Every structure is written in structure tokens, then in C-alpha cells.
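Heads up: the structure comes next, in C-alpha cells.
4 protein chains.
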Amino acid sequence: MSQQSSKAVEGGSREGERRRTILRAAIDVFARKGYHGCRIADVAREAGVAYGLVYHYFKNKDELLETVFETGWSGFVSRIRAVVEAEGPVGLKVRGITDVAFEAYRVDPRAVKVLIVEIARSPGGHVNRQNAFTDTIRMCAEMFVRAQASGELRPEVDPLLASALLFGSIEMGLTALVLGLVDPSDTEMLERARQQIAGSFLHGVLTQDAAAAEESWKKSAMRSKSAKLL
Amino acid sequence: MSQQSSKAVEGGSREGERRRTILRAAIDVFARKGYHGCRIADVAREAGVAYGLVYHYFKNKDELLETVFETGWSGFVSRIRAVVEAEGPVGLKVRGITDVAFEAYRVDPRAVKVLIVEIARSPGGHVNRQNAFTDTIRMCAEMFVRAQASGELRPEVDPLLASALLFGSIEMGLTALVLGLVDPSDTEMLERARQQIAGSFLHGVLTQDAAAAEESWKKSAMRSKSAKLL
Amino acid sequence: MSQQSSKAVEGGSREGERRRTILRAAIDVFARKGYHGCRIADVAREAGVAYGLVYHYFKNKDELLETVFETGWSGFVSRIRAVVEAEGPVGLKVRGITDVAFEAYRVDPRAVKVLIVEIARSPGGHVNRQNAFTDTIRMCAEMFVRAQASGELRPEVDPLLASALLFGSIEMGLTALVLGLVDPSDTEMLERARQQIAGSFLHGVLTQDAAAAEESWKKSAMRSKSAKLL
Amino acid sequence: MSQQSSKAVEGGSREGERRRTILRAAIDVFARKGYHGCRIADVAREAGVAYGLVYHYFKNKDELLETVFETGWSGFVSRIRAVVEAEGPVGLKVRGITDVAFEAYRVDPRAVKVLIVEIARSPGGHVNRQNAFTDTIRMCAEMFVRAQASGELRPEVDPLLASALLFGSIEMGLTALVLGLVDPSDTEMLERARQQIAGSFLHGVLTQDAAAAEESWKKSAMRSKSAKLL
DNA sequence: CATGAATGAGGTTTCATTCAT
DNA sequence: GATGAATGAAACCTCATTCAT
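In order, the protein sequence lines correspond to chains A, B, C and D. Going by the working numbering, the first residue of the first sequence is number 576, and it counts up by one from there. Going by the working numbering, the first residue of the second sequence is number 576, and it counts up by one from there. Going by the working numbering, the first residue of the third sequence is number 576, and it counts up by one from there. Going by the working numbering, the first residue of the fourth sequence is number 576, and it counts up by one from there.
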């Protein structure tokens, strides 16, 4: 009782620890072997716990995977939301969204791999996953609607589709890393990819005025960039 | 379509028919249930053949799925290659690539879904699928290298990444359809999506000159569009 | 196809054979180990078939047990029904019902044990079993209603309860055998038990007239009994 | 009833309370789900105690169930014994036995259900349960032996079998209630059932003289019945 | 070619029991 | 005494694959 309310604020409670250990192990095995190869036995061994304990914390395999997804996704979504709801030009927000994705990749590439390769494209049945994904796209679509109203987005652009395309670009950019098309250890390439994804996208959808504002922003950013990242 | 009715299109013996029936059934089940739910028994039932017959034509489940993938992909790739190797401005080629993808979707949405959703998934390495995918991206990347040499593509754009982003945009555009974000029966929306994907992408990466050439092309295309499509 | 319609009349069809083998094995294991100890693996070994084949013929363990019950019970019920629907005094019918139960015991004591000990008294959830049991009791209750109308059954006797008591007596009589209270190999005792169950019951519920008719029947029966049984 | 509210009825320390709470919960779960569905976790939840506490009071599941059985059964048996060992005609005793069974049902139908439904069931040999049951039958059989010696019971009746049949009738009468064949809330029906079970049985096995004595008893009983019961 | 019964390894899931706190 | 997390053996069930007809 007291364990849940008092200690579970951020990292406490022995129960929470174990649970998280298993979750983390699941992400690992998942990223390594994919949905197929991911046997509960592997997860348990990886987490260093007994077989049955997985079932103490998760109803069954599916719920475990679902939780892996939601855990990973919810953090991502909340960061995206923060960016979307902040003040500022849409160009800055789009760059912010790209940054969130790439930062997540930098922190835990395996988790991102699971999100991208194993779940985001996953089979129909799992309603939650699709909803989480489509909800995020819709959230950004509304951002684009407002950007269109303020004259930043070109009028002939469909906001929903634009949102889908932005995430498509980000996702495939990261997929290129995950699949080894691009060397993931090449940090300079990583940086260029991030720039290009946001840059090309914005070039493609912004109005002349917004693009010009973007341009001036980019130049000032270049000077302070290297300091920020490391 | 023509495959089913005529018997001699491509080695159309009776054997070939059966084989193709099974393959088509596999695509269906695959599209409906994903790699997971796809049991040999389902494929056999869907095809209306006996359980064991699947094993007469395919060594095992993996070979069947591999064949499903290659069959679907090879046609797609060869059409892409034709577009890439033709003469003409890169803008036209990018539109051509988008057209190929959308046309494939129009002909058989389920097959496209399989290609989209199951890429890079399932049994460990399955090199073929990834290779087929990455090879195609590399092919288009070379196209962009040439376009950069001829001054069509902006110099600061990375060709490989550009290629990835193009396919990312196309894929997510189609995924939006597959996921029901966009109504797939709305043909006007389909048309607009196709235009926007290619258009935004090109806006984002082309030089001023190439973009201008694009612009003039687009205007002439608008007049003849409806005739082409049906 | 032809296997089912042409050969399945009584004992034919290879499929039916296997199925029956498994069913019979299930009855054996069931009678020997009870519901608890009855593992699918045991049934398969007893039947001399592979593990998975049990699941080829039966959806799961429960369906197997359900089938064991229905198979055993349906034969029993149809014989009871034949007795109930025949012409004649109610006394004869009651004796007929007792005979059916004891004959079933003589033919396959294990099957009767399963019916009595494992299933007839079984846990709530299984609707079919209870229904089958209560339906049979109701069938005989109607027989008693008619017997009451014709003046054979005493008017103050409740027919439904009488039916329950008849089966209670029969069941406990057989249970006494099953539990070893009475030596099951003592055929004379068996014969006496049968007589007493029907006799005491009838004494208890028949009117004076019907009881007198019974008495005269019993005497004539005694002379021809020993010849019949062996 | 009184067990729960007062703390010193029968070794009523705090420990005893807990133990009894668990036992009572076990009866409940047992009656509701049968031996199968009865998991220790269910018992603990029903009793409102922690998982492990069940193991503090009972060595293992089997001992718990055994205790449930014995607790319920021992009270029943001692009451039966009191009836059997009392002075008086056998007819009165048979009615007394029936009364004990029905009274037990009135006080706690669920406990009776467990006793009825689970007798002779589950884990292989569990000698105790069978013994408790067969011992009781043998005890009454001896009562019938004496009744036969005193000319109350007809000479051709087998005492052991008669005893089995009596309990068979009682059990199935109660089973009819448990299974819902008879409405358990219909107290008049309950009363009639009790009368009929004992009455029919006695009619079936008593000699003329004993039956006549019975008859006169019954008439006098009818007058004072309602007062006795409540 | 065609069939579908038969096989059994491999995975998931349950749950009685233990034990550290 | 009391708790419930932790353990793991043992059962169930699935399904790719084989094979006799």
C-alpha cells in the first residue's frame, strides 16, 4: 500500500524495480529477436528472474508486449505533445519533433527499434498500438491546421497527410539507421540526417514567408549547435 | 487479374495455376492476420486446397512467405527500375515512382499492405526482404546522385537519405490509407495524396531551376490527368 | 467423404476407430485416476497415439471429458427411455430401469464408475452434464405421474421426488459396488442388490393393488431368472 | 453462526478465529467452484487474508480440503451416531437420520453441497473421505441388523444394502435441491421431501408390525410438528 | 498430384509452495 | 503472526512438417 503511494513517484518500490527490470529485458530480447523469437523464457533469463515472475507482473505475453509498447510510446508522445503545445513558429516545432525522435534513438536505439520495426507496423488486431500511432499523427495534424490558418503552411497542403508524411520521413530516416543503410555510429551523419529530414519537409510545405523565417533561424542555430549536443 | 483468367500468361500450366492460387491465398491471409496469425492451415483453407498440398509446392512456411514477398516485391522493383532508368528530369521520375506505388495499391491493396507492414519483420535475419528493400533505396539513391551532378538536386542534400525519405513518405502515405486515417475509397483524396507526396518531396529537395521546370510540367499535366487515370 | 456416410453406420471408418480408441482410453484413465490425474499425455499413451492426435479429434481436455460423458450417458438414457415408453405396469418399468443400470455396470464397470463418481456429481459449470441428469429424472417423473393417474402409485407420493429417490437408490447401490462396500465379483450379491433396490422402492411407493400385482410377478420371475442370467 | 460472533465457543483464541475464517472460506469456494476451481488464492481472497497465511494454518492444499471435509462430516456423523445409539424403534431412528441431514442442509446448504458433491472424488485414494462415508453406512447397517433381529426389518432385506439405499435416497433428495430440481426456498416442499424419503424407505423395508407402529407414530407427530421445527 | 490424419517439439500458462521481510 | 513476491515443475495447447494412401 504505502509502497505504491509513497515510493512509486519516480524510481522507488521494490515491486516497481522488478517490473521495470522485466520490461527492460523484454525490450532487449524483443529488439534482438523480434516478436517471434521473443519467448517468455528468454525474457525471464535476461531479467534474471524466475519463469513465473513474468506472469506475476503481466497477465500474458501479449500484455507484456503491449506494455513495452505503451511505456516506450507514452514517453515519446508526451515529449512530442510538449513540443506541439509550446509557443513558436511551426518550423521550430517540426524541428523539435524530429529532435525528440532522434534523441530517443540516441538514448536507447533498441527501444526505438522495437517501436519502429516491431510494433508501429504491427498486425491489425492490436487496437491500442494503432490508436496510439494515429492519435499522435492527428495531434500534429491539428498543429498543421493552425499553421495553415496563420499562413505558415501552404494552403494547398493537406494537414493530415502532411503530418503522416512528416512521421513517415522520420520513421524511414531512423529505419535507415536501424537497417544499417546508414552507419549509426557516424554522429555527423546522424546530425545531417536530422537536419535534412526537418529541412526538406519544411521546404516542401512551408510558404515563402515562413521558409524565409526558417532560413534565418537555421543560420543562428548553426553557430550554437555543437555546444548544445555535447 | 489477367493471371487468373488466362492460362498461358506466364508458364500457365495447371500446376502453375494451383501454385498461384496458394500464393494468392497466402497474400490474403498474410494481409489479414499478419505474419503471426498466418498458419499453413489458413492458407490451405483460403486456397481451397488440402493441407499437404501447400508443402507440395513450397518447401516450408518460410519459403512460402519468402515467395509471397519476392513475388509482390519483384514486380514493384522492376517497375521502379523502369522509371529510374528512363530518360527525363528527376522530378518526373519521382512522380513516376509515386505513381507505381499508388497504382500497386489500387490493383491490390492487400498485397501492398503485406509489403508495407511486414518489411523487416519476422524470422531473425531474413536477408532477402531487407536486401530487396535496401537495394531499391540504393537504386533510387544513385538516381539522386546523378540528379545532383546535373544540378537538379540541391547540393547539400544527401542522396541516400533523400531516397529513404522519399520511400518513407510514400510508405506512410499508404499506411495512412491502410490504417484508415484516410478513407481509401475517396479517389479524389487518393489523387491529392499522390500529388502532395511527390510535390512536397520535390519542393523540399530540388534546386530552384528544377523546381521551376517542375512547376511548368505540373500545369500541363493537370489538363490531361483525368484521361490518363481511367 | 465416402468414409463418413458409407462406413460409419456402426463401427467402420478409420477415423471413427481412432476417435473411439481415444475415447475409450480416456474412460480408462478417467476411471483409474479421476478427473485430476487424467492428463492428456496419459490418454494419448493409453490409446497408443501421439500427443497431438487427441487435439485433432477433440478441441481441448474439457471437450474430451464432455464427450466421454455424453457418449456413456446417451446410451444409458436411450435404454432407459425405451423402458419408460414401453407398455406395461410401472413396477415392471422400475425393474427395467434398475436392470439397465446394473447391466451397464456388468458390461463396463469403469465407464459406470466415471459416470457415477466423476461426472454425475460434478462441479457446477458443466451445464450439459446436469441437464442430461435432470432430464432423465424428469422423464421418469412423468412416468410416475401417469402411474399415479392409473392408480398404481400412491397419491401422496410426489412423482418428481420419487424419481429422484429411485435414481438415488440405484446410484448409491452401484456406488457401494464401486467403493468396495460390496464385493463386485459376488454375482449373487449383485443379483440380490438389484432385486432389493427395485423391490424396496416399489414397496415404498406403490398402492396395495399394484404391490399385489408386483408380488405375483416376482414369484413367476424367480423361476426363470437363473436361466436368463447365465 | 455463534462461532463467528463469540470468541470462546471452542478454543476461540484469535488464532482459532483466523483458522476458522479460512476454513469457512474454503467451504464457500469449494461449494462454488468444486475441487477443480478451488485455488489457494481464491480461498485467501475470500477469507480476506494474505496468500501465505493459508499455509501457516494448513500444511498444504490437500490438508485444507481434508479438514474442510472432516469438519463438515464429523459433526454430521456424531449427530447420526447419537440418533442410532438412542433407544427406540428403527422407524424413529430412520426419521432421525433424515432429520439430521435436512437440518444440516437448512443450516448451511453450501457445506452440504460440498459433502454431497465431492464425496469420493478427487486425488486418487484419499482414504479418509471414503472411510468416513463407508463407516457411517456400516454404522447404520448394524442398526439394521439389530432391527432385523428384533423383527422390525423384513428378513429378506440385506442390512448393508438397506443402509446404502437410505443414504442414497437422502443424498439424491438433497441433490435434487442442490441441482435446482426442487425449489430450495419452498419450505413446505422441503418438509414433504423429508417425510417422503423416510416414509417410502420405511414402507419398503419394514415388517407389517413395525409399519403399523410407524403409522400410529406419524399421526401423533403431525399434530406437534410445526412447534418442533421452529 | 492430392489428401488430411498423424506426429511431437516447443511454447505458453497455471498454481502449489517457499521464504525473506 | 502476517504478507505477498518469488519459484519452477508440470500441465495444456499449437502448429509446422511428414507420410501413407
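Note that beta-carbon positions come from the ideal geometry of N, C-alpha and C, so glycine has one too. Since the structure is predicted, the reported quantities are computational estimates derived from the model, not experimental observations.
Among the options, which residue has its Cα nearest to the Cα of residue i?
i: residue 600 of chain D; options: D:609, D:617, D:737 and D:739; result: D:617
i: residue 794 of chain A; options: A:613, A:604, A:743 and A:774; result: A:774
i: residue 606 of chain D; options: D:785, D:647 and D:717; result: D:647
i: residue 620 of chain C; options: C:610, C:598 and C:799; result: C:598
i: residue 637 of chain C; options: D:667, D:769, D:734 and D:611; result: D:611
i: residue 738 of chain B; options: B:602, B:796 and B:655; result: B:655
i: residue 810 of chain A; options: A:725, A:741, A:714 and A:749; result: The first residue shown for chain A is 576 and the last is 805, placing residue 810 of chain A beyond what the model contains.
i: residue 767 of chain B; options: B:729, B:749, B:781 and B:783; result: B:749
i: residue 651 of chain B; options: B:663, B:665, B:683 and B:666; result: B:683
i: residue 769 of chain C; options: C:658, C:604, C:791 and C:745; result: C:745
i: residue 653 of chain B; options: B:764, B:728 and B:710; result: B:710
i: residue 679 of chain B; options: B:649, B:662 and B:712; result: B:649
i: residue 735 of chain A; options: A:747, A:712, A:691 and A:763; result: A:712
i: residue 771 of chain A; options: A:658, A:669, A:689 and A:728; result: A:669
i: residue 780 of chain C; options: C:729, C:740 and C:799; result: C:729
i: residue 784 of chain A; options: A:725, A:658 and A:686; result: A:725
i: residue 686 of chain D; options: D:604, D:747, D:658 and D:666; result: D:604
i: residue 688 of chain B; options: B:628, B:727 and B:751; result: B:751
i: residue 666 of chain D; options: D:609, D:760 and D:776; result: D:776
i: residue 764 of chain C; options: D:782, D:733 and D:658; result: D:733
i: residue 602 of chain A; options: A:787, A:788, A:778 and A:691; result: A:691
i: residue 727 of chain B; options: B:796, B:787, B:741 and B:798; result: B:787
i: residue 731 of chain C; options: C:742, C:782, C:761 and C:743; result: C:782
Give me whichever residues DSSP pairs with residue i in a beta bridge.
i: residue 728 of chain B; result: B:781
How is residue i classed by DSSP in three states: helix, strand or coil?
i: residue 688 of chain A; result: helix
i: residue 748 of chain B; result: helix
i: residue 665 of chain D; result: helix
i: residue 710 of chain A; result: helix
i: residue 643 of chain B; result: helix
i: residue 700 of chain B; result: With a pLDDT of only 47 at residue 700 of chain B, under the threshold of 50, the placement of this residue in the model should not be trusted, and no figure is reported.
i: residue 585 of chain A; result: For residue 585 of chain A, the pLDDT reaches just 41, beneath the cut-off of 50, and the residue's location in the model is therefore unreliable, although a value from the coordinates is still provided. Residue 585 of chain A: coil per DSSP, three-state reduction.
i: residue 734 of chain D; result: helix
i: residue 743 of chain B; result: helix
i: residue 755 of chain D; result: coil
i: residue 683 of chain B; result: coil
i: residue 761 of chain A; result: coil
Under 8 Å, with one C-beta from each stretch per pair, do the stretch 706-717 of chain B and the stretch 754-763 of chain B reach the 3-pair mark? no
Is it a yes or a no for the stretch 670-677 of chain B touching the stretch 606-615 of chain B, going by three-plus beta-carbon pairs under 8 Å? no
For the pair the stretch 619-631 of chain B and the stretch 642-651 of chain B, tell me if three or more CB-CB distances fall below 8 Å. no
Answer yes if the stretch 631-640 of chain A comes into contact with the stretch 590-598 of chain A, meaning at least three C-beta pairs across the two stretches below 8 Å, and no otherwise. yes
Is there contact between the stretch 717-724 of chain C and the stretch 715-731 of chain D, where contact requires at least three CB pairs shorter than 8 Å? Note that the stretch 717-724 of chain C does not touch the stretch 715-731 of chain D; fewer than 3 beta-carbon pairs, one per stretch, sit closer than 8 Å.
Which residue spans inside the stretch 607-636 of chain C form an unbroken alpha helix (DSSP H) run of at least 4? 615-622 and 626-632
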